[in-house]
Amino acid sequence: MQYPQFQEFWHAASKRQVIFFYAGYFSQHVVSAIAETIKARLNAAGTAGPTSRRIFSAFVEMSQNIMHYSADALTPAAQPDRQIRGGAFCIGVSGDQFYLLCANPVANASVEAIRGKIAPLCAMTVDEIKSAYRTALRQAAPEDSKGAGLGFLTMARDASAPLTFQFLPDSDDAGRTVFCIAATI
Amino acid sequence: MEHFFLPASPTSPEVSFEFSRHALSIRGESYPENAAAFYGPVIDSARAYLALCDGQSIDVHVALAYFNSSSTKMLFALFDALNDAAIFGNEVRLHWYRDEEDETILEFGEELRDDFAALEFVDCVLPARQA
Chain Z
1 MQYPQFQEFW
11 HAASKRQVIF
21 FYAGYFSQHV
31 VSAIAETIKA
41 RLNAAGTAGP
51 TSRRIFSAFV
61 EMSQNIMHYS
71 ADALTPAAQP
81 DRQIRGGAFC
91 IGVSGDQFYL
101 LCANPVANAS
111 VEAIRGKIAP
121 LCAMTVDEIK
131 SAYRTALRQA
141 APEDSKGAGL
151 GFLTMARDAS
161 APLTFQFLPD
171 SDDAGRTVFC
181 IAATI
Chain U
1 MEHFFLPASP
11 TSPEVSFEFS
21 RHALSIRGES
31 YPENAAAFYG
41 PVIDSARAYL
51 ALCDGQSIDV
61 HVALAYFNSS
71 STKMLFALFD
81 ALNDAAIFGN
91 EVRLHWYRDE
101 EDETILEFGE
111 ELRDDFAALE
121 FVDCVLPARQ
131 A
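Taken in sequence, the protein lines are chains Z and U.
Note that the UniProt record's numbering gives residue 4 to position 4 of the first sequence, counting from 1, and the numbers run on in steps of one.
Note that the UniProt record's numbering gives residue 81 to position 81 of the second sequence, counting from 1, and the numbers run on in steps of one.
#1: If we define contact as Cβ-Cβ less than 8 angstroms, is Z/PRO80 a contact residue for chain U?
#2: Any idea what DSSP makes of U/ALA131, helix, strand or coil?
#3: Do you know how far the Cα of U/GLU14 is from the Cα of Z/GLN7?
#4: Quick check on DSSP: helix, strand or coil for Z/SER14?
#5: Would the stretch 31–38 of chain Z and the stretch 115–134 of chain Z be scored as touching if the rule is three or more Cβ pairs under 8 angstroms?
#6: If you draw a straight line from the alpha carbon of Z/PHE89 to that of U/GLY89, how long is it in whole angstroms?
#7: Give the secondary structure of U/ASP99 by DSSP, where H, G and I count as helix, E and B as strand, and everything else as coil.
#8: Could you give the residue range of the beta strand (DSSP E) that holds Z/TYR99?
#9: For the stretch 51–70 of chain Z, which residues have a beta carbon sitting closer than 9 angstroms to at least one beta carbon of chain U?
#10: At what residues does the alpha helix (DSSP H) containing Z/HIS68 begin and finish?
#11: Closer than 8 angstroms, CB to CB, is Z/THR75 near chain U or not?
#12: Quick check on the DSSP output: the beta strand (DSSP E) that includes Z/CYS90 runs from which residue to which?
#13: Apart from the five residues just before and just after Z/ASN108, which ones in its own chain have a Cβ nearer than 7 angstroms to its Cβ?
#14: Which residues in the same chain have their Cβ closer than 6 angstroms to the Cβ of U/PHE116, if we skip the five residues on either side of it in sequence?
#15: Who are the Cβ neighbours of Z/LEU153 in its own chain at under 8 angstroms, not counting the five residues just before and after it?
#16: Give a yes or no on whether the minimum CB-CB distance between U/ALA131 and chain Z is below 8 angstroms.
#17: Buried or exposed for Z/CYS102, going by 16 or more other Cβ atoms inside 10 Å?
#18: Pull out every residue of the stretch 45–71 of chain U whose Cβ sits closer than 7 angstroms to any Cβ of chain Z, in chain order.
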């Protein structure tokens with residue numbers, strides 16, 4: 001990419017009030033480094049404590065999801081830690097709200113399972129989300145989860161509007177689908 | 001029992017279990033890559049200590065500014081072990097530190113109170129951090 005194209009890309013992001021964008025590989029070191037810059041950015045902008053904490057929480061859940069579950073992996077799937085997997089993440093401002101977006105490829109065969117986990121959350125009221133969170137907290141972690149099975153519920157809990165998600169075809173690989181999820185804080 | 005200590009890292013808390021003083025503390029932020037791998041040894045060492053306690057007064061201090069979803073699950077398992085020790089005749093005080101503005105940590109503390117009634121819950125409110 002030449003400088004003028006780079007500048008065009010940069011302007012497009014600024015115009016949409018994107019305050020952070022990263023596309024590439026996520027490891028725990030990358031998550032930790034982004035965490036530091038996001039905290040400093042929100043702090044410098046004087047974002048209210050509770051808002052800042054919700055943004056931070058949704059960021060950690062999204063970026064660790066990419067690191068644990070993206071189909072684009074640099075590390076062997078069987079390796080239990082130091083995973084490095086690909087995806088994209090962005091935080092932007094829209095009016096007086098923040099939005100967080102992330103995207104990563106998943107195997108086509110996983111799509112329905114992911115949809116089955118998120119779609120019900122998108123239709124729940126705040127009280128229903130809190131109640132589902134309390135139930136999941138006391139249940140054994142699902143077998144296909146590397147965490148607690150609480151990630152999407154945590155995002156839904158921290159968001160001020162229902163989560164939205166979409167599955168898009170992966171132009172690079174017909175066996176994959178790009179999973180996108182967005183949270184408004 | 002020997003002191004169990006893990007220094008804080010950017011994504012995991014300091015864990016300091018001074019078993020000889022019956023003082024257990026966890027402080028910092030918790031979003032390790034693999035929460036089960038991080039908390040496994042922490043919970044094991046607490047369980048080994050609690051198995052030796054009888055009629056003991058134990059102080060647990062938890063000051064976590066943030067923990068991710070998978071850490072939440074592991075903390076629940078730790079508090080479950082502490083609650084069992086309280087049921088079996090120990091006096092276990094859980095000092096739960098939270099920023100006064102942080103509703104999430106407040107609500108999690110309420111979950112703990114509901115589920116682990118044998119623990120003596122001490123709500124410790126810290127003034128909001130300045131932006």
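Even for Gly, the Cβ is constructed at its ideal location relative to N, Cα and C.
Concretely, from the data shown:
#1: Sequence index remark: in the first sequence, residue 80 of chain Z carries index 80 (1-based). Judged by the 8 angstroms Cβ criterion, Z/PRO80 is in contact with chain U.
#2: The sequence position of residue 131 of chain U within the second sequence is 131, counting from 1. Confidence is the limiting factor: at U/ALA131 the pLDDT is only 42, short of 50, which leaves the residue's position unreliable, though a coordinate-based value still follows. Reduced to three states, the DSSP call for U/ALA131 is coil.
#3: Locating residue 7 of chain Z in the first sequence gives position 7, counting from the first residue. Locating residue 14 of chain U in the second sequence gives position 14, counting from the first residue. So the two alpha carbons sit approximately 44 angstroms from each other.
#4: As a working note, residue 14 of chain Z is residue 14 in the first sequence. Reduced to three states, the DSSP call for Z/SER14 is helix.
#5: Result no; under three Cβ-Cβ pairs closer than 8 angstroms.
#6: Residue numbering aside, residue 89 of chain Z sits at position 89 when the first sequence is read from its first letter. Residue numbering aside, residue 89 of chain U sits at position 89 when the second sequence is read from its first letter. Approximately 50 angstroms, taken between the alpha carbons.
#7: Along the second sequence, one-based indexing puts residue 99 of chain U at 99. Here U/ASP99 sits in strand by DSSP.
#8: Stepping through the first sequence from its first residue, residue 99 of chain Z is reached at position 99. Note, Z/TYR99: beta strand (DSSP E), 97–107.
#9: SER52, ARG53, ARG54, PHE56, SER57, VAL60, GLU61, GLN64, MET67, HIS68
#10: Position 68 of the first sequence, counting from 1, holds the residue named residue 68 of chain Z. Run containing Z/HIS68: 49–69, per the alpha helix (DSSP H) assignment.
#11: In the first sequence, the residue the question calls residue 75 of chain Z occupies position 75. No - not a single Cβ of chain U is within 8 angstroms of the one on Z/THR75.
#12: The count along the first sequence starts at 1 and reaches residue 90 of chain Z at position 90. Taken as a continuous stretch (DSSP letters only), the beta strand (DSSP E) holding Z/CYS90 covers 85–94.
#13: Within the first sequence, residue 108 of chain Z is the residue found at index 108, counting from 1. Around Z/ASN108: GLY175, ARG176, THR177.
#14: Position 116 of the second sequence holds residue 116 of chain U. Around U/PHE116: PHE79, ASN83.
#15: Taking the first sequence and counting its residues from 1, the one referred to as residue 153 of chain Z is at position 153. In chain order, LEU121, ILE129, ALA132, TYR133, ALA136 place their CB closer than 8 angstroms to the CB of Z/LEU153, counting only its own chain and leaving out the 5 sequence neighbours on each side.
#16: Position 131 of the second sequence, counting from 1, holds the residue named residue 131 of chain U. Bear in mind that the predicted position of U/ALA131 carries a pLDDT of just 42, short of 50, making it unreliable; the figure below should be weighed with that in mind. Yes, U/ALA131 counts as interfacial toward chain Z.
#17: Here residue 102 of chain Z is taken as the residue at index 102 of the first sequence, counted from 1. The residue in question, Z/CYS102, is buried, as its Cβ has 16 or more Cβ neighbours within 10 Å.
#18: TYR66, ASN68, SER69, SER70
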